[in-house]
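Under our numbering, the first residue of the sequence shown is numbered 222, with each subsequent residue one higher. For every residue, glycine included, the Cβ atom is placed at its ideal position computed from N, Cα and C.
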Amino acid sequence: MVYVIAEPCVGTKDTACVKVCPVDCIHPTRDDEDFKDEVTLYISPEECIDCGACVPECPVAAIFPLDELPAKWDAYTELNAKYYELKKTGDLDGWKAYQDAHKDLLTPKPKAEH
Ligand code: SF4
């Protein structure tokens with residue numbers, strides 16, 4: 222099982238989670254070049270060790286263990302993984318195309334819609 226960052230992070234990017242993650246598997250960090258380009262943070266499903274430390278740190282309750290992720294945010298599981306599969310392996314065109322095809326996931330929603 223892994224942890225997933227879902228819609229409440231879009232437009233928030235608080236990064237409190239980054240500070241507590243023992244394996245540095247949440248990106249982009251504020252030190253990453255692409256921090257300003259991304260609208261949300263992502264957890265690497267390959268590196269996450271399921272410790273749960275990030276969950277209580279998130280001020281907008283955006284992080285869930287996979288088996289507790291609300292169904293309406295199912296697509297964020299793939300979104301988190303694709304950031305690492307595509308962007309972090311240098312496939313910037315692939316990541317751009319994926320983002321273009323999933324704009325709905327990457328558009329900040331009014332908080333009342335959560
Ligand atoms: Fe990092 Fe633990 Fe959160 Fe996984 S569950 S992203 S390892 S803090």
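With respect to the 8 Å criterion, Tyr297 and Ile226 are classified as neighbours on the basis of their beta carbons. Secondary structure note for Val225: its beta strand (DSSP E) is the uninterrupted segment Tyr224 to Ile226. Your pair Val276 and Ile284 checks out as a contact, with CB atoms roughly 5 Å apart and the cut at 8 Å. Restricting attention to Val223, Pro229, Asp253 and Thr236, the CA atom closest to the CA of Thr328 is found in Pro229. The beta carbon of Thr250 is closer than 6 Å to those of Val239 in its chain, skipping five residues each way along the sequence.
Around Met222, the same chain offers Asp271, Pro286, Leu287 and Asp288 as residues with beta carbons nearer than 8 Å, after the five sequence neighbours per side are excluded. Contact between Pro266 and Ala302 holds: CB atoms are separated by about 5 Å, below the 8 Å threshold.
Membership of Pro286 in the beta strand (DSSP E) is indicated by the continuous run Ile284 to Pro286.
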